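The structure appears right after this line, and notes come after that.
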Amino acid sequence: MTPSTIEMKPTPKPGSGPRVIPSLGDPFDRRHIGPSEAEMKAMLELIGVKSLDELVSKTVPQSIRSARPLLVPPAASEFEALTELRAIVSQNKVFKSYIGMGYTGTICPPVIQRNILENPGWYTQYTPYQAEISQGRLEALLNYQTMVSDLTGLPLANASLLDEGTAAAEAMAMCRSVATDENRKVFLVSADCHPQTIAVVQTRAKSVGIECVVGDEFDLTASVKDLSTLCGVLVQYPTTDGRLLDYADVAKQAHAVGAMVVAAADILALTLIKPPGEWGADIAVGSTQRFGVPMGFGGPHAAYIATKTEFARKMPGRIVGVSKDSHGNPAYRLAIQTREQHIRREKATSNICTAQVLLAVMAGMYAVWHGPEGLTKIARRVHGLTRLIQMGLDRFGISCGSDPFFDTLRVGTPMPKMAIRKSEELGMNFRVYEDGNIGVTVDETTTLEDVEKILLCFTPSEDAEMILSDMSRADFENVPSPGGFERKSKFLQHPIFNRYHSETEMLRYIKKLEGRDLSLTHSMIPLGSCTMKLNAAAEMFPVTWPEFGNIHPFAPAEQSAGYAKLFSDLEKWLASCTGFAAVSLQPNAGSQGEYAGLLAIRGYHESRGDHHRNVCLIPVSAHGTNPSSAVVAGMKVVVCACDENGNIDLADLKAKAAEHAANLSALMITYPSTHGVFEEDVREICQVIHSHGGQVYMDGANMNAQVGLTSPGDIGADVCHLNLHKTFCIPHGGGGPGMGPICVAKHLAPFLPGNPLSQGGLSTSGAVGPVSAANYGSASILVIPWMYIRMMGAEGLTKATQVAILNANYIAKRLEGHYPTLFKGRNGFVAHECVMDCRDFDHAAGIKVEDIAKRLMDYSFHAPTMSWPVPGTLMVEPTESEPKWELDRFCDAMIGIRQEIAEIEAGKSDRTDNPLKHAPHTMVAVTADEWKHKYPRSQAAYPRASLRDSKFWPAVGRIDNPYGDRNLVCTCPPMDTYQT
Numbered sequence: 019m020t021p022s023t024i025e026m027k028p029t030p031k032p033g034s035g036p037r038v039i040p041s042l043g044d045p046f047d048r049r050h051i052g053p054s055e056a057e058m059k060a061m062l063e064l065i066g067v068k069s070l071d072e073l074v075s076k077t078v079p080q081s082i083r084s085a086r087p088l089l090v091p092p093a094a095s096e097f098e099a100l101t102e103l104r105a106i107v108s109q110n111k112v113f114k115s116y117i118g119m120g121y122t123g124t125i126c127p128p129v130i131q132r133n134i135l136e137n138p139g140w141y142t143q144y145t146p147y148q149a150e151i152s153q154g155r156l157e158a159l160l161n162y163q164t165m166v167s168d169l170t171g172l173p174l175a176n177a178s179l180l181d182e183g184t185a186a187a188e189a190m191a192m193c194r195s196v197a198t199d200e201n202r203k204v205f206l207v208s209a210d211c212h213p214q215t216i217a218v219v220q221t222r223a224k225s226v227g228i229e230c231v232v233g234d235e236f237d238l239t240a241s242v243k244d245l246s247t248l249c250g251v252l253v254q255y256p257t258t259d260g261r262l263l264d265y266a267d268v269a270k271q272a273h274a275v276g277a278m279v280v281a282a283a284d285i286l287a288l289t290l291i292k293p294p295g296e297w298g299a300d301i302a303v304g305s306t307q308r309f310g311v312p313m314g315f316g317g318p319h320a321a322y323i324a325t326k327t328e329f330a331r332k333m334p335g336r337i338v339g340v341s342k343d344s345h346g347n348p349a350y351r352l353a354i355q356t357r358e359q360h361i362r363r364e365k366a367t368s369n370i371c372t373a374q375v376l377l378a379v380m381a382g383m384y385a386v387w388h389g390p391e392g393l394t395k396i397a398r399r400v401h402g403l404t405r406l407i408q409m410g411l412d413r414f415g416i417s418c419g420s421d422p423f424f425d426t427l428r429v430g431t432p433m434p435k436m437a438i439r440k441s442e443e444l445g446m447n448f449r450v451y452e453d454g455n456i457g458v459t460v461d462e463t464t465t466l467e468d469v470e471k472i473l474l475c476f477t478p479s480e481d482a483e484m485i486l487s488d489m490s491r492a493d494f495e496n497v498p499s500p501g502g503f504e505r506k507s508k509f510l511q512h513p514i515f516n517r518y519h520s521e522t523e524m525l526r527y528i529k530k531l532e533g534r535d536l537s538l539t540h541s542m543i544p545l546g547s548c549t550m551k552l553n554a555a556a557e558m559f560p561v562t563w564p565e566f567g568n569i570h571p572f573a574p575a576e577q578s579a580g581y582a583k584l585f586s587d588l589e590k591w592l593a594s595c596t597g598f599a600a601v602s603l604q605p606n607a608g609s610q611g612e613y614a615g616l617l618a619i620r621g622y623h624e625s626r627g628d629h630h631r632n633v634c635l636i637p638v639s640a641h642g643t644n645p646s647s648a649v650v651a652g653m654k655v656v657v658c659a660c661d662e663n664g665n666i667d668l669a670d671l672k673a674k675a676a677e678h679a680a681n682l683s684a685l686m687i688t689y690p691s692t693h694g695v696f697e698e699d700v701r702e703i704c705q706v707i708h709s710h711g712g713q714v715y716m717d718g719a720n721m722n723a724q725v726g727l728t729s730p731g732d733i734g735a736d737v738c739h740l741n742l743h744k745t746f747c748i749p750h751g752g753g754g755p756g757m758g759p760i761c762v763a764k765h766l767a768p769f770l771p772g773n774p775l776s777q778g779g780l781s782t783s784g785a786v787g788p789v790s791a792a793n794y795g796s797a798s799i800l801v802i803p804w805m806y807i808r809m810m811g812a813e814g815l816t817k818a819t820q821v822a823i824l825n826a827n828y829i830a831k832r833l834e835g836h837y838p839t840l841f842k843g844r845n846g847f848v849a850h851e852c853v854m855d856c857r858d859f860d861h862a863a864g865i866k867v868e869d870i871a872k873r874l875m876d877y878s879f880h881a882p883t884m885s886w887p888v889p890g891t892l893m894v895e896p897t898e899s900e901p902k903w904e905l906d907r908f909c910d911a912m913i914g915i916r917q918e919i920a921e922i923e924a925g926k927s928d929r930t931d932n933p934l935k936h937a938p939h940t941m942v943a944v945t946a947d948e949w950k951h952k953y954p955r956s957q958a959a960y961p962r963a964s965l966r967d968s969k970f971w972p973a974v975g976r977i978d979n980p981y982g983d984r985n986l987v988c989t990c991p992p993m994d995t996y997q998t
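Counting from 19, one number per residue, gives the positions in the sequence shown under this note's numbering.
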């Protein structure tokens, strides 16, 4: 289903509809919004206004206020919304899918599903930028990296990417970046790769000026006119139709002409076949979906990338590394690439600064649970069942493609229509090739009974039964590795993968790691621009329904009618929230949304013959992914200044827009601004860009201050992306998954991302290709925003925005005598976040903003966003979900820290030996026999008396970041270095 322009119908007038039936259950907004009515009244009094409406009128410029209602259904209770969604999901038909193409059935071990996937202690964590309170998930990600490195035979792996198609595109960009010759702009993609991977790579190649050639990797001369221009070759291992090919000579040929080789490899097959690193691949990419993660109609899944150590600084995304803490103990942290996009901006190697953390943790734990022997057994069983099918069909003269293979057969049946008809009758999906061949991919869930059903589709029933009777269970479970490709090297030899095979030990290991991470189950996470709000249980509950999880993304459309209804609803609701005409749900991260939105703008200009329009104006205050996304979309970045109040400098913008008028493509802005205020001139800013022929792209990171009050469309923007993991309640998952759909005005609707499996991956206009491997990205988690919007209704969504603004202003008011708020609107109020100025503390007391952040851990809090958008500041966003009690607890902690700084300023506390400089304090440190500090243990451990009742203890002391980068270790260290 290609996204199209959405027709918005007005809601019926009150009294014109059916009789209103009392809701079954409490109104959900009472549960979602933290402060009670009485608390809100007290908070409003403190900040000096009488009502939420008055606060909004003094905060949000009247010129951009929206007069139209949100066109979403009336609020439903949790019970009602779940019942309605059950009716919708029942329209899906769950067939056994043997389509393959990188998506297979799998078994999520219950110990992992219940204790990780369904556990808010894991899915409500934030990105591990504050490593001291993220040690559990960092260790889990290190396990994942070790797993990927071992299985691929390449020494360096990252903490995951978005999906296999985008991982291949990132690898292509790496090949181009590594090449020192500027003329190396050709990338050869094997025709044997998955079609959705080819389509995504083609989209990326076009945007960054790489010539993508689809051809024969075994004959480089025939495929590439000038081999001196070749930067890389992508191969599929095994091929998309199941063949195992020896690529050693391909690697030699490519290396001989100065090009790199990328292998898109099946992670389970690598337990049996020679790993890419051993036959010459420079980079390996793929998906870890089949390691215990449901198909979910396309996602979310953790893709992997691995490479050689010399390319460490070219690798996209995050790498977890091992460093040491202030006590000399090993400690984990993000290494090298940490927030690279915010530092390097338009010079970043990629716009991807995220990962699929929750899914990577699951895949890594799947390997921990099964160990090398268990994984090998699963792989042998899959291969054995595939061979059983091949033997059976071979007996009756039916071709099954070439041997060797792993789990996929290409069946050349003379009666393909009959086979498909039988498969549908038996509740199975096969892949259908253009030439009439049928693809069958076996997976972990396949049984002997399934094999019999598969054979029945091609042979008479008595023949299928005879074939199965000829082989015993032992025969197919112990079948040897594919001939000529047998893996001889060992893998997963670390004790982590060879110990936790009883459920008792596995449960305790998962819980131990969970206990080392601070999440929303412990306290508020007041990060600016990250919107760490409630992820309600009712919203999360449907994610694991099998009717959502067990559907292949390329299953026949009639099997996904429930998903189609879900998508249609969500597209309409998000279009109304943003004031736009059309929506694409495909981008599976905020960065992908930025990229897709800019591609839409680029496609629009090109459709009008304006191929030269490539300049993107970006304020200096913009999110770091903005300039890197612009470069990935093929644009030239021109930076615009901001004034002393944090607003876009209108004079500078006008000058830059006029200077680049002939080539102006777009302006990227965030609204409210990254300084936490509603800029008064935003409409004029949009008009300036439009007057010079450009388009306005709005970063939706701060939509939590807009919904129900204003919208990008009302403001004058042409496109925006939405972080559904911020405003619309998809949890951050420790740093992923996320979703970044784009909403566009009517004139940009034809340029939304195309279906990866349509002709060439292009949309109906032929303008823009796919940006993700599945048409609806991480489809299974779209149930979360559907539930949120359905339960909140228009009034609830609007009130959530109002209370988000209230909570931010309440914190700013309570802390104004201790930490000045750096930016405010015309009437002295902030939007939904505030920037607190901490710069003077460095000169007066030698205290840096990092010291405050680490000391907050001793108060059981995650730090606000540090030193962004202004160095030496803290940006706080409390969200609407936090009650007044929690806001006060945070404010009390910040006031307590300010008092400790004052003692340093007054000379009562040592400038180097004080609680801030040595924070965070671990339980081991404060209970040690020896205490060397000038301040008491009690002040270190319990700066507030209430912490004696409940306290989160950091697992390690302050981590030495430079040491970790100088001594990069990104796989599991020896077991005796682990803390007990």
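Each residue gets a CB set at the ideal place from its N, CA and C atoms; glycine is no exception.
Model, not experiment: these values are computed from the prediction.
Is residue i buried or exposed, if buried means 16 or more other CB atoms sit within 10 Å of its CB?
| i | result |
| --- | --- |
| Asn-825 | buried |
| Asn-201 | exposed |
| Ser-781 | For Ser-781, the predicted structure reports a pLDDT of 40, less than 50, and the residue's modelled location is therefore unreliable. A value from the coordinates is still provided. Burial call: buried. |
| Ala-607 | buried |
| Arg-155 | buried |
| Gly-621 | buried |
| Pro-887 | buried |
| Asp-44 | exposed |
For residue i and residue j, I'd like the C-alpha separation in whole angstroms.
| i | j | result |
| --- | --- | --- |
| Gly-533 | Arg-966 | 17 Å |
| Glu-72 | Leu-592 | 27 Å |
| Met-550 | His-540 | 13 Å |
| Val-762 | Cys-738 | 7 Å |
| Ala-640 | Val-633 | 16 Å |
| Pro-432 | Thr-463 | 28 Å |
| Gly-795 | Thr-215 | 13 Å |
| Arg-357 | Leu-525 | Only weak support exists for where Arg-357 lies, its pLDDT of 49 falling under 50; the coordinates are left without a value. |
| Phe-572 | Ile-619 | 28 Å |
| His-345 | Ala-973 | 12 Å |
| Cys-990 | His-512 | 7 Å |
| Gly-835 | Pro-954 | 27 Å |
| Ile-106 | Ser-305 | 29 Å |
| Ile-865 | Ala-943 | 22 Å |
Give me whichever residues DSSP pairs with residue i in a beta bridge.
| i | result |
| --- | --- |
| His-1011 | Residue 1011 falls outside the range modelled here, since the chain spans only 19 to 998, and no answer is possible. |
| Leu-428 | According to the sequence displayed, residue 428 carries Arg and not Leu. Arg-428 is bridged to Gly-457. |
| Pro-637 | Cys-658 |
| Glu-504 | Ile-291 |
Using a Cβ-Cβ distance under 8 Å, would residue i count as near chain B?
| i | result |
| --- | --- |
| Phe-515 | Protein chain content of the structure displayed is limited to a single chain, and chain B is not contained in it. |
Beta strand (DSSP E) runs wholly inside the region 556-612, at least 3 long, in chain order:
600-602
Ranges of the alpha helix (DSSP H) found wholly within the region 71-122, counting only runs of at least 4:
Complete alpha helix (DSSP H) runs here, min 4: 96-107.
May I ask you to verify whether the region 856-865 touches the region 683-700, counting CB pairs closer than 8 Å and requiring at least 3?
Result no; under three Cβ-Cβ pairs closer than 8 Å.
May I ask you to verify whether the region 204-212 touches the region 251-261, counting CB pairs closer than 8 Å and requiring at least 3?
Pairwise C-beta distances place the region 204-212 in contact with the region 251-261, as three or more of them are shorter than 8 Å.
Sequence ranges, alpha helix (DSSP H) only - wholly within the region 290-356, length at least 4:
294-297
Which full runs of the beta strand (DSSP E) of 3+ residues lie inside the region 251-295, going along the chain?
278-283
Can at least three beta-carbon pairs, one atom from the region 706-720 and one from the region 734-754, be found at a separation below 8 Å?
yes
Note down, one range per segment and in chain order, each alpha helix (DSSP H) of at least 4 residues found wholly within the region 838-884.
858-863 and 867-876
Taking only runs of the alpha helix (DSSP H) that begin and end inside the region 655-703, which ones reach a length of at least 4 residues, in chain order?
668-677
Flag this pair as touching only if the region 907-916 and the region 58-72 have three or more C-beta atom pairs under 8 Å; answer yes or no.
no
Which ranges does the alpha helix (DSSP H) cover as unbroken runs of at least 4 residues, wholly within the region 177-218, from first to last along the chain?
182-196
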